[in-house]
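**Q**
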Amino acid sequence: MKEPMTRAVLIVSLVMLVGAWMIADATRSISAYADSATHNTAEIATALTSFDNRLNDLNQSVHSVEKQIMNADEVAVYLGLTDQVLSKLLEDKQLPAIQINGIYRFSKRAIDEWVYEKSKNKASYQNW
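In the numbering used here, the protein residues as written are 1 to 128.
1. Have a look at residue 73 and residue 49 and give me their C-alpha separation to the nearest angstrom.
2. Grouping DSSP H, G and I as helix and E and B as strand, with all else coil, what is residue 71?
3. Since residue 84 is in the alpha helix (DSSP H), which residue starts that stretch and which ends it?
4. Going along the chain, which residues of its own chain have a beta-carbon closer than 8 Å to the beta-carbon of residue 105, five neighbours each way excluded?
5. Are the segment 40-59 and the segment 80-92 in contact at 8 Å, needing three or more beta carbon pairs?
6. Buried or exposed for residue 114, going by 16 or more other Cβ atoms inside 10 Å?
7. Where does the unbroken alpha helix (DSSP H) through residue 110 begin, and where does it stop?
8. So, residue 16 versus residue 54, is the Cβ gap smaller than 7 Å?
9. Answer yes or no: do residue 102 and residue 58 have a C-beta to C-beta separation smaller than 7 Å?
10. Write down the C-beta distance between residue 78 and residue 44 rounded to the nearest angstrom, noting that I regard them as a contact closer than 8 Å.
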């Protein structure tokens, strides 16, 4: 269980390191333009646009690292449920979950499989 978290931390750390390198690189580029007597605004704008694009790509990479374990609030948002419906599903042991120190935790994979199975059976929870 620690391996996916360790992998996620490693990926986020790597992304942050690359981001720091990109910021330093862009800062050096901008400083070089500022120090040069022949710099022009168009070159600086191009460098800033390039940096912004690289930063956006990096940001998307960070967000692509999904959480594999969610808490109750995250599952409610993920499934689009109210707290009351989520509580009812947990009380009736309908939703795959584990309790750790009294706090529910949910595997994203188990939730996805549960939704898939329920959709095959055309289950309905509208009365909750």
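Ideal Cβ placement from N, Cα and C applies to all residues, glycine included. No experiment lies behind these values; they were computed from the predicted model shown.
**A** Short version:
1. For the purposes of this step, residue 73 is taken as the residue at position 73 of the sequence shown. For the purposes of this step, residue 49 is taken as the residue at position 49 of the sequence shown. Looking at the two C-alpha atoms, the distance is approximately 37 Å.
2. Translated into positions along the sequence shown, residue 71 becomes position 71. Correct three-state label for residue 71: strand.
3. By one-based count along the sequence shown, residue 84 stands at place 84. Taken as a continuous stretch (DSSP letters only), the alpha helix (DSSP H) holding residue 84 covers 83-91.
4. Start at 1 with the first residue of the sequence shown, and residue 105 comes out as number 105. The answer, listed in chain order, is 69, 70, 71, 97, 98 and 99.
5. no
6. Here residue 114 refers to the residue found at position 114 when the sequence shown is read from its first residue. It counts as buried.
7. Taking the first residue of the sequence shown as position 1, residue 110 is located at position 110. Unbroken alpha helix (DSSP H) run through residue 110: 108-120.
8. On the sequence shown, position 16 is the one that residue 16 refers to. On the sequence shown, position 54 is the one that residue 54 refers to. Against a cut-off of 7 Å, the Cβ pair of residue 54 and residue 16 comes out as no contact.
9. Here residue 102 refers to the residue found at position 102 when the sequence shown is read from its first residue. Here residue 58 refers to the residue found at position 58 when the sequence shown is read from its first residue. No.
10. Walking along the sequence shown from the start, residue 78 turns up at place 78. Walking along the sequence shown from the start, residue 44 turns up at place 44. No, residue 78 and residue 44 are not in contact; Cβ-Cβ is about 43 Å, not under 8 Å.
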